[in-house]
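Quick note, our numbering runs 18 ahead of the 1-based positions in the sequence shown.
Positions of the beta carbon are idealized from the N, C-alpha and C atoms, including for glycine.
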Amino acid sequence: MEEKVILVTFFVSLLINAVIVILARKIDVFITDHLHSGPQKFHENPTPRIGGLGIFLAMSGWFIVNNYWIFLLVSIPVFLAGFIEDITKTLNPKVRLFLMSVSGVLAYFLLDAKILKVNLPIVDDILAIPLLSFLFTIFALVGIANAINIIDGFNGLASGVSIMILFSISFVANSVGDTFIRDVSVVFIFAIFGFFVLNWPFGKIFLGDGGAYFIGFLVGVLAVILVERNNVVSPWFALTVMIYPIYEVLFSIYRKKFLRNLSPFEPDSVHFHMLIYKILIKRIFPDKNKLFRNSTSSIFIWILNFIPITLSVIF
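Here it is in structure tokens:
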């Protein structure tokens, strides 16, 4: 894959997001902070939250040029599920879940993104039943999309973790000779990086639900296809390489539904990154401003996430 192709994807993402940042100062429609106040809001200045648009358009262009139309088709519903919510805050959570599931169904049938085994005897027998494999795959892909959205709480956190995951997927794909998964992952890394440089550390633009859903979903698809196409790659690689965001979504559901009797869709302020911020970062840097502590929290979690990422690749 030519380096200039990768750079074009990076600059397309960067340029689109830079234009959004500039126009946001003059066009109010790009600023929807007043619609998204809540316990997870850690910034003070009005900020556009549609950074995922630049990533999505950059990847869409690459998909079209390389005749990977199916990837674009599959990704549209899940991106729209978040993007419409970003600009309107009116999309019912069940509608969002439906659109994300549509992308999961399309990926299952059109991309052959199927979870057929997890290397556990009883579970593998269950997944041998096509309907159950189908339902589990949709659940997993939708869950990963939501997982990236849940960890999108600080500057660079979700995008940085996603870049680490994609780097691991590309490394393993290259090791087993799967150049297709490697190339898509590398291009995706640079598309996200075009957003990352504007998001971290100064938070000029946010990923938004559209960006988080799109990234999480496509990362999940790539991981599932990598395992499905290459028997030498364990299903546990796909799980452990994403263990941080997966843990967040599972524990979030447990905490809200069973411990606090709340809707799983209801936001709260006790996610792991928020606890790190409140318990650790604020104590270590009591005299620093919120922006500094916000971005520093991401660095701390990147370091923690590096451990399971590394172990996933090695083993």
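DSSP-derived helix/strand/coil call for W15:
In the structure as shown, the chain starts at 19 and stops at 333, and residue 15 therefore has no counterpart that could be examined.
State buried or exposed for F333, treating a residue as buried only when at least 16 other CB atoms are found within 10 Å of its CB.
Counting from one through the sequence shown, the residue named residue 333 turns up at place 315. By the 10 Å Cβ count, F333 comes out exposed.
Between which two residues does the alpha helix (DSSP H) containing V194 stretch?
Here residue 194 refers to the residue found at position 176 of the sequence shown. Segment: none, V194 is in no alpha helix (DSSP H) and carries neither H nor E.
Counting only the same chain and skipping the five closest in sequence on each side, list residues whose C-beta sits under 7 angstroms from that of I102.
Residue 102 sits at position 84 when you count from the first residue of the sequence shown. Excluding residues within five positions, the ones whose Cβ falls inside 7 angstroms are L109.
Any chance you could list the alpha helix (DSSP H) runs of at least 4 consecutive residues sitting entirely within the region 246–277, in chain order?
253–258 and 261–272
Alpha helix (DSSP H) segments (min. 4 residues) lying fully within the region 123–197
139–145, 148–168 and 175–193
Separation of L124 from I88, as counted between CA atoms
Here the question's residue 88 lines up with position 70 in the sequence shown. Here the question's residue 124 lines up with position 106 in the sequence shown. Whole-angstrom Cα-Cα distance: 9 angstroms.
Let me confirm a value: E21 is counted as buried when at least 16 other C-beta atoms fall within 10 Å, else exposed. Which label applies?
Along the sequence shown, one-based indexing puts residue 21 at 3. Exposed is the call here.
Tell me whether N307 sits in a helix, a strand or coil according to DSSP, three-state version.
Residue mapping note: residue 307 aligns to position 289 of the sequence shown, counting from 1. In this structure, N307 counts as coil in the three-state DSSP scheme.
Which value, in whole angstroms, describes the spacing of the CA atoms of L225 and F213?
Reading the sequence shown from its first residue, position 207 is the one you call residue 225. Reading the sequence shown from its first residue, position 195 is the one you call residue 213. So the alpha carbons of these two residues sit roughly 8 angstroms apart.
Taking its Cβ as the centre, do 16 or more other Cβ atoms sit within 10 Å of L98, making it buried, or is it exposed?
By 1-based counting over the sequence shown, the position of residue 98 is 80. Label assigned to L98: buried.
Using CA coordinates, which residue listed in V26, F318 and P326 is at the minimum distance from L175?
Within the sequence shown, the letter at position 157 stands for residue 175. Comparing Cα-Cα distances from L175 to each of V26, F318 and P326, the minimum goes to F318.
Helix, strand or coil for V92 per DSSP?
Taking the sequence shown and counting its residues from 1, one reaches residue 92 at position 74. Here V92 sits in helix by DSSP.
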